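Here's the structure we're looking at; comments come further down.
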Amino acid sequence: MINKKYSIESENNITDEYLFLNRRKIIKGALASSVLINSSSLLSNESKNLPFTKDLDYSTNEKTNSFKQITSYNNFYELGVGKRDPMLNSSKLQTSNWKVRVDGLVENPITLDLNDLTSKYSLEERIYRLRCVEAWSMVVPWIGFEMNKIIKEVKPLSKAKYVSFESILDTVNLPGQKRKTLNWPYKEGLRIDEAANPLTILSVGLYGRVLPNQNGSPIRLIVPWKYGFKSIKSIVKISFVEQEPISTWNEESPNEYGFYSNVNPNVDHPRWSQKKERRIGEFKKRDTEIFNGYAKYVSNLYSDMDLKKFF
Amino acid sequence: MNRIITFSLFSVSLIAPIIFLYSSFVVSPLEYLIHYTGHSGLVALALVLLCSRLNTLNKYFDRKYIGLIAFIFISIHVLVYFYELDFDIKYLILEATSLLYLTIGYIAYILFLPLVFTSNEASKVYLKSYWFLLHKLIYIIIILSLVHYYLIIKVDAIWLWVYTITFTILFMSIKKYKK
Chain A
288 MINKKYSIES ENNITDEYLF LNRRKIIKGA LASSVLINSS SLLSNESKNL PFTKDLDYST
348 NEKTNSFKQI TSYNNFYELG VGKRDPMLNS SKLQTSNWKV RVDGLVENPI TLDLNDLTSK
408 YSLEERIYRL RCVEAWSMVV PWIGFEMNKI IKEVKPLSKA KYVSFESILD TVNLPGQKRK
468 TLNWPYKEGL RIDEAANPLT ILSVGLYGRV LPNQNGSPIR LIVPWKYGFK SIKSIVKISF
528 VEQEPISTWN EESPNEYGFY SNVNPNVDHP RWSQKKERRI GEFKKRDTEI FNGYAKYVSN
588 LYSDMDLKKF F
Chain B
19 MNRIITFSLF SVSLIAPIIF LYSSFVVSPL EYLIHYTGHS GLVALALVLL CSRLNTLNKY
79 FDRKYIGLIA FIFISIHVLV YFYELDFDIK YLILEATSLL YLTIGYIAYI LFLPLVFTSN
139 EASKVYLKSY WFLLHKLIYI IIILSLVHYY LIIKVDAIWL WVYTITFTIL FMSIKKYKK
């Protein structure tokens, strides 16, 4: 009966999303007849509402994917390689003493703690398309702040040309890191002008609340015009550097995953097509747009580049 | 008896995904169907070979119908792929000719057709020893299917290994069956 209730999707109903996320704990709590104590402690962290303003400049007005779709179909190999594994293993990601170090070629290196992530910078909602390199896509209402804000705060030196990002390394708790599926920790990078583009955000939430673990809690990058794997999850380190940094998938298979990895229907993956995509929730594939439909904001970043060569 | 078991197995394997789809845990139903029918096709083909290796199994399974069931699964696999692309012939041809995994998939499917059309007793009588030769195509179909699968794996190849090892054992045990 409980399952039936949640299978009837109600898109933006906060209570349902909360119940969905914590359904097992709630059922457990009910069995132990301590529902109140249990759920109030959950409310204090996992499902905290975030204060945010709605952005109208960059957000799409396309139909957003449901909370359930966004949180039960994930690529987060640290929590397992199956699409549902990150949801099933989400409790294995320990975020309680999280710190993000921002350093490298900057005047003012900083360390952000868990509280800073949601309170130091004013948050806004950005509804973006997300296009995975595996040719599926979603529309996600992220909560976050522009990467710009950090860049301005740390003041990069003129020598800094790139920004490198690093995810958590926790081989004890993260089930996916017990196997060397990828060269852990996961690493990504952007050119500094890409990082400073107003579309680039650091996300700390979705659907108005703190990021669920499977979506890259407590802080992740969102670069909506690039394939999803560039939008690195659960970041612990951001460094400003001179040379093009390593990115994990590029390191894994350099002829298949480029450093830039801009969404481009004209450059296929060597083994599969990038011309169309499966939008989760739809039954017919739709055409993929160049730069995932964000060309007017970002095409100038690549005006003198051969996108077939720098894929 | 063996037909009843075979068709019960087939019914269960068709109903199982429907239950999964209704359980609301499958966020991407057509992708799920494509994967499910692809895997089921391979499992059915493995069962066909297993029946030809272990004579006792023929008491429980009808080899011919398991082969046809494999073909039905793979046909659904192909149809869902067509459906998602809206049966856009021009685009389907573009993909078939530009992507190796699809070219190989099509070849495997086309090679399956003569086996289906000659699966009746009359063909067996008419073709005589050629029938056995023709039905050896199953080995090529299996190898092409595994290559087709290999070509779309990103990192996790565990099932590919399971299939490869299973089929290797089945291929190598070929002589034991000869009369």
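Going down the list, the sequences are from chains A and B.
Under the numbering used here, think of the first position of the first sequence as 288, with each following residue one higher.
Under the numbering used here, think of the first position of the second sequence as 19, with each following residue one higher.
Every residue gets a Cβ at the ideal spot worked out from N, C-alpha and C, and that includes glycine.
As the structure is a computational prediction, the values presented were derived from the model and not from experiment.
For a cutoff of 8 Å on Cβ pairs, would you count residue i as touching chain A?
i	result
Ser46 (chain B)	yes
Tyr78 (chain B)	no
Tyr119 (chain B)	yes
Val180 (chain B)	no
Leu110 (chain B)	no
Val173 (chain B)	yes
Thr55 (chain B)	no
Glu49 (chain B)	yes
Glu139 (chain B)	no
Less than 7 Å between the CB of residue i and some heavy atom of the ligand NAD, yes or no?
i	result
Trp385 (chain A)	The ligand NAD is absent from the structure shown, which contains no ligands of any kind.
For residue i, count neighbouring C-beta atoms within 10 Å of its own C-beta (all shown protein chains included) and say buried if the count is 16 or more, exposed if not.
i	result
Tyr40 (chain B)	exposed
Leu318 (chain A)	In this prediction, Leu318 (chain A) has a pLDDT of 41, which is less than 50 and means its spatial position is unreliable; what the coordinates show is noted afterwards. Exposed, by the Cβ-count rule.
Gln561 (chain A)	buried
Gln381 (chain A)	exposed
Asn348 (chain A)	exposed
Ile522 (chain A)	buried
Trp559 (chain A)	buried
Lys518 (chain A)	For the sequence presented, residue 518 (chain A) should be read as Ser rather than Lys. When all chains shown are included, Ser518 (chain A) counts as buried.
Ile22 (chain B)	exposed
Pro499 (chain A)	buried
Val98 (chain B)	buried
Trp536 (chain A)	buried
Ser327 (chain A)	Only weak support exists for where Ser327 (chain A) lies, its pLDDT of 39 falling under 50; the coordinates are left without a value.
Asp480 (chain A)	exposed
Val45 (chain B)	buried
Asn549 (chain A)	buried
His189 (chain B)	Residue 189 (chain B) is actually Phe in this sequence, not His. Its Cβ having fewer than 16 others within 10 Å, Phe189 (chain B) is exposed.
Ser424 (chain A)	buried
Is there a C-beta anywhere in chain B that falls below 8 Å from the one on residue i?
i	result
Phe570 (chain A)	yes
Ile509 (chain A)	no
Ser321 (chain A)	The pLDDT assigned to Ser321 (chain A) is 37, lower than 50, so where the model puts this residue is not dependable; a value taken from the coordinates is nonetheless given after this. No, Ser321 (chain A) lies away from the interface with chain B (no Cβ there is under 8 Å from its Cβ).
Thr468 (chain A)	yes
Ile519 (chain A)	no
Ile577 (chain A)	no
Arg565 (chain A)	yes
Val387 (chain A)	no
Arg310 (chain A)	Confidence at Arg310 (chain A) is low in this model, with a pLDDT of 48, below 50, so its placement is unreliable and the value that follows should be read with caution. It does not: the Cβ of Arg310 (chain A) has no partner Cβ on chain B nearer than 8 Å.
Val491 (chain A)	no
Between the Cα of residue i and those of the options, spot the shortest distance and give me the residue it belongs to.
i	options	result
Ala422 (chain A)	A:Asn460, A:Ser504, A:Leu498, A:Arg573	A:Arg573
Ile84 (chain B)	B:Leu151, B:Lys154, B:Ala62, B:Val180	B:Ala62
Glu529 (chain A)	A:Leu486, A:Gly580, A:Lys448	A:Lys448
Ile414 (chain A)	A:Phe432, A:Asp400, A:Glu394	A:Phe432
Ser116 (chain B)	A:Asn553, A:Ser534, A:Gln356	A:Asn553
Asp457 (chain A)	A:Phe578, A:Pro472, A:Asn502	A:Pro472
Leu129 (chain B)	B:Val143, B:Tyr119, B:Glu113, B:Tyr157	B:Tyr157
Ile160 (chain B)	B:Phe38, B:Leu103, B:Leu65	B:Leu65
Trp34 (chain B)	B:Ser46, B:Tyr50, B:Val45	The amino acid occupying residue 34 (chain B) in the given sequence is Ala; Trp does not appear at that position. When each option's Cα is compared against that of Ala34 (chain B), the closest is B:Tyr50.
Asp80 (chain B)	B:Leu178, B:Phe185, B:Thr24, B:Ile176	B:Thr24
Asn362 (chain A)	A:Gly503, A:Lys596, A:Ile455	A:Gly503
Glu411 (chain A)	A:Leu588, A:Phe578, A:Tyr345, A:Phe598	A:Tyr345
Leu164 (chain B)	B:Glu113, B:Phe43, B:Ile125	B:Ile125
Between residue i and residue j, which are expected to be in contact by the criterion C-beta below 8 Å, what is the C-beta distance as a whole number of angstroms?
i	j	result
Ile397 (chain A)	Phe452 (chain A)	The Cβ separation is near 15 Å, so there is no contact.
Val368 (chain A)	His556 (chain A)	Contact doesn't hold; Cβ gap of about 18 Å is too wide.
Ile357 (chain A)	Leu489 (chain A)	Not confirmed; about 18 Å, so no contact.
Val441 (chain A)	Leu477 (chain A)	About 15 Å separates the two Cβ atoms, so there is no contact after all.
Leu337 (chain A)	Ile430 (chain A)	5 Å
Phe570 (chain A)	Leu48 (chain B)	6 Å
Trp512 (chain A)	Asn435 (chain A)	That belief does not hold up - the Cβ atoms of Trp512 (chain A) and Asn435 (chain A) are roughly 16 Å apart, past 8 Å.
Ile122 (chain B)	His166 (chain B)	5 Å
Phe527 (chain A)	Gly391 (chain A)	4 Å
Leu145 (chain B)	Leu155 (chain B)	Contact flag wrong, Cβ pair sits at about 13 Å.
If you measure beta-carbon to beta-carbon, which residues of the stretch 146-170 of chain B are closer than 7 Å to chain A?
-> Answer set for the stretch 146-170 of chain B: Leu169, Ile170.
Within 7 Å of chain B by C-beta, residues of the stretch 545-562 of chain A in sequence order | Cβ contacts with chain B come from Arg558, Trp559, Ser560.
Of all the residues that make up the stretch 343-360 of chain A, which are near chain B by a beta-carbon distance shorter than 8 Å?
-> Lys355, Gln356, Ser359, Tyr360
Listed from N- to C-terminal order along the chain, which residues in the stretch 412-426 of chain A have their beta-carbon within a distance smaller than 9 Å of any beta-carbon of chain B?
-> Val420, Glu421, Trp423
Any residues in the stretch 81-108 of chain B with a beta carbon nearer than 8 Å to a beta carbon of chain A? Which ones, in chain order?
-> Those residues of the stretch 81-108 of chain B that come within reach of chain A (Cβ to Cβ, closer than 8 Å) are Tyr101, Glu102, Leu103, Asp104.
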